[in-house]
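In the numbering used here, the protein residues as written are 3 to 335. Have a look at the structure below, then the notes.
Quick look at the structure:
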């Protein structure tokens, strides 16, 4: 569903709070009326970031085959069929299926758990509408809403502060700053000030560490500081986990070793006068024998055990390689 654009972007942090309130058509004493809030929600859309559609069961299954080592094993199975070694091909096929089914089951279960958790955990906001205090879903906030916040609250949208009483905010998720930031509704801030230094503003996804605040919603959804970052990252491919990188390196190394070994064997057999058909069959047999058919299953089982142990400690892992990636971390801030 298409929505109207949000109000013209302004340097909200540089405006006095009363000027920001006028620009947003809101009154900090009463907030928006229920009807106006409903109209703005229809026009501007929910206060939410677009989320990619979760992959289906078939996609999860096919994704288990995206692995250079799997490609080598699949090629070995095809060659085995071509030379009449159906038993070898059947064994490799069974190994690939077991590996894919285990990985699919673990990722599908993790995905379902994450979706169920996401539906339970929704940010709620204390908002002033029509002079009455309401508690609403954070997705229903609109520009101009007047929000009350206190210690422990997550900031649900970008806000221009109206009041800030001993307010400290954790902005580490947005700016990387590990220390809580002091906020001041009456401060004077230049238009060119960077996001992390806008002490008259609160930004979505930050957390109130201490104090109380009253603010007016200036931006929602993808127009928030966090939303703009999310849009910039949306088109980028995620960096491969360390395990995937090492498997790709191992596969390339294994391929080179096998090719060199086959070449040396072929030269030796040619010097002995062996027929071409025999050389080919021996070379193929060497290539198939050199591939570690059980390695993908061993890796998947090991990662599945790690995923299960993390689940016992209330950690949901959506992708199996992420287990090894977390194990490779040396510092978690």
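Glycine included, every Cβ here is placed at the ideal spot set by N, Cα and C.
Through-space distance from residue j to residue i, alpha-carbon basis
i	j	result
residue 123	residue 200	With a pLDDT of only 49 at residue 123, under the threshold of 50, the placement of this residue in the model should not be trusted; the figure read from the coordinates follows. Going from the Cα of residue 123 to the Cα of residue 200 covers about 29 Å.
residue 16	residue 191	5 Å
residue 49	residue 107	33 Å
residue 111	residue 202	43 Å
residue 314	residue 42	43 Å
residue 360	residue 328	Limits of the chain in this structure are 3 at one end and 335 at the other, which puts residue 360 out of reach.
residue 285	residue 267	7 Å
residue 280	residue 272	10 Å
residue 51	residue 115	20 Å
residue 127	residue 149	7 Å
residue 8	residue 19	The pLDDT assigned to residue 8 is 48, lower than 50, so where the model puts this residue is not dependable; a value taken from the coordinates is nonetheless given after this. Near 19 Å, if we compare the C-alpha coordinates of residue 19 and residue 8.
residue 276	residue 270	9 Å
residue 194	residue 27	25 Å
residue 109	residue 234	27 Å
residue 89	residue 141	57 Å
residue 312	residue 262	42 Å
residue 225	residue 184	24 Å
residue 129	residue 317	32 Å
residue 294	residue 53	38 Å
residue 38	residue 25	15 Å
residue 156	residue 21	25 Å
Beta carbon of residue i nearer than 7 Å to that of residue j
i	j	result
residue 154	residue 177	no
residue 170	residue 213	yes
residue 322	residue 297	no
residue 139	residue 166	no
residue 131	residue 223	no
residue 91	residue 83	yes
residue 2	residue 144	Any answer about residue 2 is impossible in this case: the structure gives the chain only from 3 up to 335.
residue 218	residue 23	yes
residue 70	residue 113	no
residue 78	residue 94	yes
residue 105	residue 302	yes
residue 245	residue 326	yes
residue 66	residue 96	no
residue 319	residue 331	no
residue 188	residue 172	no
Pick from the options that is closest to residue i, judged by C-alpha positions
i	options	result
residue 133	268, 30, 332 and 89	30
residue 137	125, 146 and 145	125
residue 210	255, 242, 20 and 161	161
residue 289	329, 65, 85 and 327	85
residue 258	32, 292 and 141	292
residue 40	83, 22, 78 and 147	147
residue 174	314, 228, 22 and 278	228
residue 164	254, 262, 246 and 220	220
residue 36	135, 56 and 14	135
residue 204	129, 115 and 159	159
residue 252	72, 195, 151 and 89	72
residue 75	318, 312 and 256	256
residue 265	142, 196 and 282	282
residue 215	26, 109 and 168	168
residue 299	98, 44, 87 and 54	98
residue 1	196, 287, 324 and 226	With the chain running from 3 to 335 in the structure shown, residue 1 is simply not present.
Enclosing alpha helix (DSSP H) for residue i [first to last residue]
i	result
residue 36	36–46
residue 253	244–273
residue 29	Looking at the DSSP string, residue 29 is not in any alpha helix (DSSP H), and its letter there is neither H nor E.
residue 326	323–329
residue 280	278–292
residue 64	59–65
Endpoints, beta strand (DSSP E) assigned at residue i
i	result
residue 163	160–172
residue 317	Note, residue 317: premise wrong, no beta strand (DSSP E); not H, not E.
residue 151	148–152
residue 130	126–131
residue 138	134–139
Short CB-CB distance (under 7 Å) between residue i and chain B
i	result
residue 263	Among the chains of the structure shown, chain B does not appear; only one protein chain is present.
Closer than 6 Å: residue i CB and nearest the ligand ZN heavy atom
i	result
residue 138	This structure simply doesn't include the ligand ZN, nor any ligand for that matter.
Quick one: complete beta strand (DSSP E) runs, 3+ long, within the stretch 194–233? Complete beta strand (DSSP E) runs here, min 3: 209–221.
In chain order, what are the residue ranges of uninterrupted beta strand (DSSP E) at least 3 long that sit wholly in the stretch 73–106? Qualifying beta strand (DSSP E) stretches: none in this window.
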